[in-house]
Amino acid sequence: MITASDALRIISENIPRAPLVTISVDDALGCTLGEEIIASGNIPPFDNAAMDGYALRAEDVASVPTTLRLAGEIAAGHASSLTLFPHEAVSIMTGAPIPGGCTAVVQYEWTVRPDADHVTVLRNVPEGHNVRKQGADIADGSVALRKGTLVRPQEIGLLASLGRRYIAIHRKPRVAVLATGDELVEIDKRLLPGTIRNSNAHLLHALIRQAGCEVILSEIARDDPDELRRKVALCLQADMVVTTGGVSVGKYDLVCEAYEHNGISILFRKVKIKPGMPLVFGVRPPVVVFGLPGNPVSTMVTFLKFVRPALDLMTGRGTPGKKYQLHARLAETIVKSDGKRHYVRGVLVNDPDGLVVKPTGSQVSNVLTSMVKADCLIILEEEKSRFNAGEFVEIELMP
Ligand code: AMP
Ligand code: MG
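Residue numbering for the sequence shown follows this note's numbering, starting at 565 and increasing by one per position.
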C-alpha cells in the first residue's frame, strides 16, 4: 500500500500530454492554452477617457474654479484630429480618444456650464486623471497569457480584445467509462431484487465534463472474466480508461485480471486513503487506466484526488489542484486511528472569526447524501489521529 503523495507522483510521471489543436476562441471554455499568447498591439490601443466629462490640460485647472472655452465634442468610436489650445476643453465620452494637448479628463459631476460654449471646472485634477493610457493593460509584444492557463470567460474576453479568433489548446482528453458489477442496471430500468442503479457512470460523466474532458464510450460489464476482458479492450481506444468497482478483495473482483490480460501494467493497487483505498492505476502507453472502487463516494473522491489531476496534466495545466486548497477551523473534534489520509465531506460556514468547516454526517462510502450536502473535502493527514474542534485543517473546495 502506498501513500497518496506517492500515488500522485507515480501518476504524474506517467501522464502523456494531449496533442495540440487549433480551435475558435468561442469553443475554448475550460480548455488549457497550448501556446504563449504574445500581444500583437496595445490594450488599450490608444489613450482614452475613463469617464464622461471634459478633456483639458491639467495645468489650466491648477486654481479653481476656472472657466474654459469648449472646443467641441468627441464620442467613443470617433477618431479626433482636434488639438487643444490653452484654456480650452472638449466634451468627451467614456472610451473616446483623448485629443492632442490634453492631459486629464474632469468628470461632468465636477463642472457646471455657464453657457453653451464654456465649462466651469470646480475641482482641480492631476495630470493623467481619468486617462486610460495606451498599452497600460497590455503592452504590444508582451506575454498576455501563459501557456498552460485554464481558459475561463475572462481569458476569452482578453483573447478577443487582442484579436485572437483562433488559439492552440491541448485537445480534450477522451475518456472511456466502464462500470462493473452483476448488480448494475441502467437508471431507467426497473430494479429487480438484488440490483442497484448504475449511478457511478452518470456521476463520472459529470465529473469528466466538469474537468473539461469528453466521454467517448460508456459501458457496463458483468462480473465475468471474458466480458470484462472484452470491454476493457474496447475502452483502450480512449486516452484514459476509468472503471468502477471490482477492485477490492471480493470473489468477483476481477478487474485487475482483465487489465493485465489486455497488456496494462499495473503500477499500484492500493492507496493509504479513506475512502477509496482499493485504487488501481495502470498504463498501456499512451493509454492510462484508473480502477476506482465501486462505492459512489469512493468513486467521486478518488476521481477528484487522482483522476482529475491526471486529466489536468494531460491538458497541459500546471500544478493541478493547488488553487482550491484553503484552511478552515474544524467545528467538531475528529478522531481516526488507521494511519490513512482521510477525505471528510464538509460544509463551510462563514463565521465572523473566519471559515469554519463541519462534517456533513455519515462518512460511510456508499452515502452520497453527505456528499450532496458538502461543498468541500476536509483533508486529514496520515500520521495524526486527533483533530480538535477549533484546530485549522486543510480543505479543498468542490466546485
Ligand atoms: P465493488 O467495488 O465492485 O465491490 O463495489 C462496491 C460497492 O459499490 C457495492 O456495494 C456496489 O454495488 C457498489 N457499486 C459498484 N458499482 C457501482 C455503480 N456503477 N453505481 C453504483 N454503485 C456501484
Ligand atoms: Mg462489484
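C-beta atoms are modelled at their ideal positions from N, C-alpha and C, and glycine is treated no differently. All figures in this text were calculated on a predicted structure; none of them were measured in a lab.
Would you please state the rounded distance, in angstroms, between the beta carbons of ALA822 and VAL844? I believe it to be under 8 Å.
With a Cβ gap of about 11 Å, ALA822 and VAL844 do not count as contacting.
Report the CB separation of ARG881 from THR596 in whole angstroms; it is logged as a contact under 8 Å.
Yes, ARG881 and THR596 are in contact; Cβ-Cβ is about 5 Å, under 8 Å.
Roughly how many angstroms lie between the CA atoms of GLY617 and ASN914, to the nearest whole one?
42 Å
Specify whether the stretch 945-963 and the stretch 926-933 touch according to this definition: at least 3 beta carbon pairs, one from each stretch, less than 8 Å apart.
no
Could you check which residue in GLY692, ILE943, HIS825, SER782 has the C-alpha nearest to that of PRO839?
ILE943
Whole-angstrom distance between PHE867 and GLU791, CA atom to CA atom:
24 Å
C-beta contact flag for ALA680 and VAL654 at 7 Å:
no
Alpha carbon to alpha carbon, what distance is there between THR879 and PRO717?
18 Å
Where CYS666 and ASN694 are concerned, what is the direct C-alpha to C-alpha distance, given to the nearest angstrom?
11 Å
Would you check if there are 3 or more beta carbon pairs closer than 8 Å linking the stretch 724-736 to the stretch 820-834?
Verdict: no, contact absent.
Assign TYR672 to buried or exposed, taking buried as 16 or more other Cβ atoms, counted over all protein chains shown, within 10 Å of its Cβ.
That one is exposed.
From which residue to which residue does the beta strand (DSSP E) around TYR618 run?
617-620
At a threshold of 6 Å, does GLY758 count as lining the ligand MG (C-beta to nearest heavy atom)?
no
Closer than 6 Å: is that where the CB of LEU748 sits relative to any heavy atom of the ligand AMP?
yes
Which of helix, strand or coil does DSSP assign to SER655?
strand
Based on DSSP bridge pairs, tell me the residues matched to GLU960.
DSSP output for GLU960 lists GLN889, LEU941 as bridge partner(s).
Would you say the beta carbon of GLY855 comes nearer than 6 Å to a heavy atom of the ligand AMP?
no
What first and last residue would you give for the beta strand (DSSP E) that runs through THR808?
That run of the beta strand (DSSP E) goes 804-808.
Under 8 Å, with one C-beta from each stretch per pair, do the stretch 686-704 and the stretch 646-653 reach the 3-pair mark?
Verdict: no, contact absent.
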